[in-house]
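Student: Protein chains in written order, with our numbering: chain A, 500 to 579; chain B, 500 to 579; chain C, 7 to 144; chain D, 7 to 144. Beta carbons are placed, not taken as given, at the ideal position from N, Cα and C, and that holds for glycine.
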Amino acid sequence: MNLDVLLFASYADAIGAPAVRVSVPDDARVADVVLAVRALSAGATLPERPLVAVNHRYAKPDQLVKPTDEVALIPPVAGG
Amino acid sequence: MNLDVLLFASYADAIGAPAVRVSVPDDARVADVVLAVRALSAGATLPERPLVAVNHRYAKPDQLVKPTDEVALIPPVAGG
Amino acid sequence: MRTAVVDRPIDVAALVAEVTAAHNGALSLFIGTVRDVNDGRAVEAIEYNAYAPMAEREMGEIASEAAAQFGTTQIVIEHRTGYVALGQASVAIAVAHARRAPAMDASRWIIEQLKVRVPIWKREHYVDGTREWTGQTS
Amino acid sequence: MRTAVVDRPIDVAALVAEVTAAHNGALSLFIGTVRDVNDGRAVEAIEYNAYAPMAEREMGEIASEAAAQFGTTQIVIEHRTGYVALGQASVAIAVAHARRAPAMDASRWIIEQLKVRVPIWKREHYVDGTREWTGQTS
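1) Using DSSP with H/G/I as helix, E/B as strand and the rest coil, what is A:Y510?
2) Could you give the residue range of the alpha helix (DSSP H) that holds B:K559?
3) How long is the line joining the alpha carbons of B:L534 and B:S509, rounded to whole angstroms?
4) May I ask you to list, following chain order, the residues of the segment 565-577 of chain A that have a beta carbon less than 9 angstroms from some beta carbon of chain E?
5) Counting contacts by CB-CB distance shorter than 8 angstroms, is B:A516 in contact with chain C?
6) So is D:R86 in contact with chain C if we call contact Cβ pairs under 8 angstroms?
7) Rounded to a whole number of angstroms, what is the C-alpha to C-alpha distance between C:V43 and C:V49?
8) Can you find a CB in chain C that lies within less than 8 angstroms of the CB of B:A508?
9) So, with DSSP's three-state summary, where would you put D:T140?
10) For A:V521, name the three-state secondary structure that DSSP assigns.
11) Confirm, please, whether the CB-CB distance from D:T9 to D:A69 is below 8 angstroms.
12) Less than 8 angstroms separating the beta-carbons of B:A573 and B:G542?
13) Taking just the CA atoms, how far does D:A72 sit from D:A56?
14) Check each residue of the segment 545-559 of chain B: if its Cβ is closer than 7 angstroms to any Cβ of chain C, include it; give the result in chain order.
15) Give me the residue from B:G579, B:P575 and B:P560 with the minimum Cα distance to C:M65.
16) Cutting at 6 angstroms between CB atoms, please list the residues of its own chain near C:T79, excluding the five before and the five after it.
17) Can you name the start and end residues of the alpha helix (DSSP H) that B:V536 belongs to?
18) Look at the alpha carbon of C:D45 and the alpha carbon of A:L505, and state the distance between them as a whole number of angstroms.
19) Output yes if chain C places a C-beta closer than 8 angstroms to the C-beta of D:M110; else output no.
20) How many whole angstroms separate the CB atoms of C:I52 and C:K121, which I take to be in contact at a CB cut-off of 8 angstroms?
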């Protein structure tokens, strides 16, 4: 399946876009999505295990991903 | 010497006045002023050892009192 | 630093503006307000009475001690006197600091000191028409 | 309870009014403000960027957890996005409670949770014309 992965702040700057499309197996988990993003051009500048959100909730690396999920890589937060 | 002693809140209500005049020896200490106030009509309804302020500062029972001092009996405070 | 006993409503926005400065990263404001119930009795208003010159001296001393202890002079304390209606502010403490922990620690320390040191008293006026000088509440 | 990511100045007086209720005796307000210096560098403004729907969901969850833990629903949290000038508020947390200790504990807990959980980032714009995404500050 194809997934659009949202990027923010320093991650968006590193990749040069606020979102990227990746292709992953249909039974992909969060960790597979991260691998696919890091395989893109400049993707290796991202950390190996970034925080990931699925549908606006923090997700563990082994969580299954569906095509309709909203997936985002979350840089270290700095609000406040 | 004669001293005007300020009273507040429940102490003023107990004595029925916001200040009372007492007569104490010239070498009187804070504790002597308290004794003199408590000897007045209704004075025994005040506690035996109330907090006392002299010139806007809390004073110990053995502090000497001068005729020009502003002396006040301080009920338990309840601000905030 | 500024401390005052006031007989008009406390202007919270003005207090916040007063301690705001570009070198601060945090601002902690504490407001004590009049509750509609105390010890199970329905309250209509609270009347605050102060020994004003001593209260202002003591509040100034608390502010100075807080400045030395927590490392900021951006401190304002105001306490109402007279009748204060339900929900209205009886006391407000604004502290700004470079960092958030000391800003919050300072405002907490100040209200705790104020409640045990400053010569202010309150008379609760109850809905049933009675009134009573009451002690410190938490 | 109300939580919001907003792109206009935070109205502190409105937040205070929003959590005010006659059954409360205490109100604690925390405001984070933009500092003119960070790590020794002169800051001109901070640009806040949020993953808005997730930030609002997470802030709402923090407010619900605080309500359960501290026993009050009088909680409002607002966080700015976009450019925030020196001295201006980037975040404001207002909590009212019957008693003062839980009001202050709750606002402190909320800001600490917000700083580690809510997907908001900041880019400092320095006086020298450079800019940089920066990490969490205390």
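Tutor: The answer reads as follows:
1) Residue mapping note: residue 510 of chain A aligns to position 11 of the first sequence, counting from 1. A:Y510 falls in the helix class under three-state DSSP.
2) Within the second sequence, the letter at position 60 stands for residue 559 of chain B. Counting along the chain, B:K559 falls outside any alpha helix (DSSP H), and DSSP gives it neither H nor E.
3) Here residue 534 of chain B refers to the residue found at position 35 of the second sequence. Here residue 509 of chain B refers to the residue found at position 10 of the second sequence. Computed Cα separation, rounded: 18 angstroms.
4) The question asks about chain E, but that chain is absent: this structure's protein chains are A, B, C and D.
5) Here residue 516 of chain B is taken as the residue at index 17 of the second sequence, counted from 1. It does not: the Cβ of B:A516 has no partner Cβ on chain C nearer than 8 angstroms.
6) As a working mapping, residue 86 of chain D is identified with position 80 in the fourth sequence. Closer than 8 angstroms: no.
7) Sequence index remark: in the third sequence, residue 43 of chain C carries index 37 (1-based). Sequence index remark: in the third sequence, residue 49 of chain C carries index 43 (1-based). Straight-line Cα distance between these residues: approximately 5 angstroms.
8) What you label residue 508 of chain B is simply residue 9 of the second sequence in a count that begins at 1. So yes, B:A508 belongs to the interface.
9) Start at 1 with the first residue of the fourth sequence, and residue 140 of chain D comes out as number 134. Correct three-state label for D:T140: strand.
10) Within the first sequence, numbered from 1, the residue matching residue 521 of chain A stands at position 22. Strand.
11) By one-based count along the fourth sequence, residue 69 of chain D stands at place 63. By one-based count along the fourth sequence, residue 9 of chain D stands at place 3. Yes.
12) Here residue 573 of chain B refers to the residue found at position 74 of the second sequence. Here residue 542 of chain B refers to the residue found at position 43 of the second sequence. What sits at residue 573 of chain B in the sequence shown is Ile, not Ala. Cβ distance not < 8 angstroms, so B:I573 and B:G542 don't count as in contact.
13) By 1-based counting over the fourth sequence, the position of residue 56 of chain D is 50. By 1-based counting over the fourth sequence, the position of residue 72 of chain D is 66. Their Cα atoms are separated by approximately 22 angstroms.
14) A552 and H555
15) Along the third sequence, one-based indexing puts residue 65 of chain C at 59. With distances taken between Cα atoms, C:M65 lies closest to B:G579.
16) Along the third sequence, read from residue 1 onward, the residue named residue 79 of chain C stands at position 73. Here the set comprises M7 and A73.
17) Taking the second sequence and counting its residues from 1, one reaches residue 536 of chain B at position 37. Unbroken alpha helix (DSSP H) run through B:V536: V529 to R537.
18) For the purposes of this step, residue 45 of chain C is taken as residue 39 along the third sequence, with counting starting at 1. For the purposes of this step, residue 505 of chain A is taken as residue 6 along the first sequence, with counting starting at 1. Distance between the alpha carbons of C:D45 and A:L505: 54 angstroms.
19) As a first step, residue 110 of chain D must be located in the fourth sequence, where it is residue number 104. By this cut-off, D:M110 is an interface position.
20) Reading the third sequence from its first residue, position 46 is the one you call residue 52 of chain C. Reading the third sequence from its first residue, position 115 is the one you call residue 121 of chain C. About 14 angstroms separates the two Cβ atoms, so there is no contact after all.
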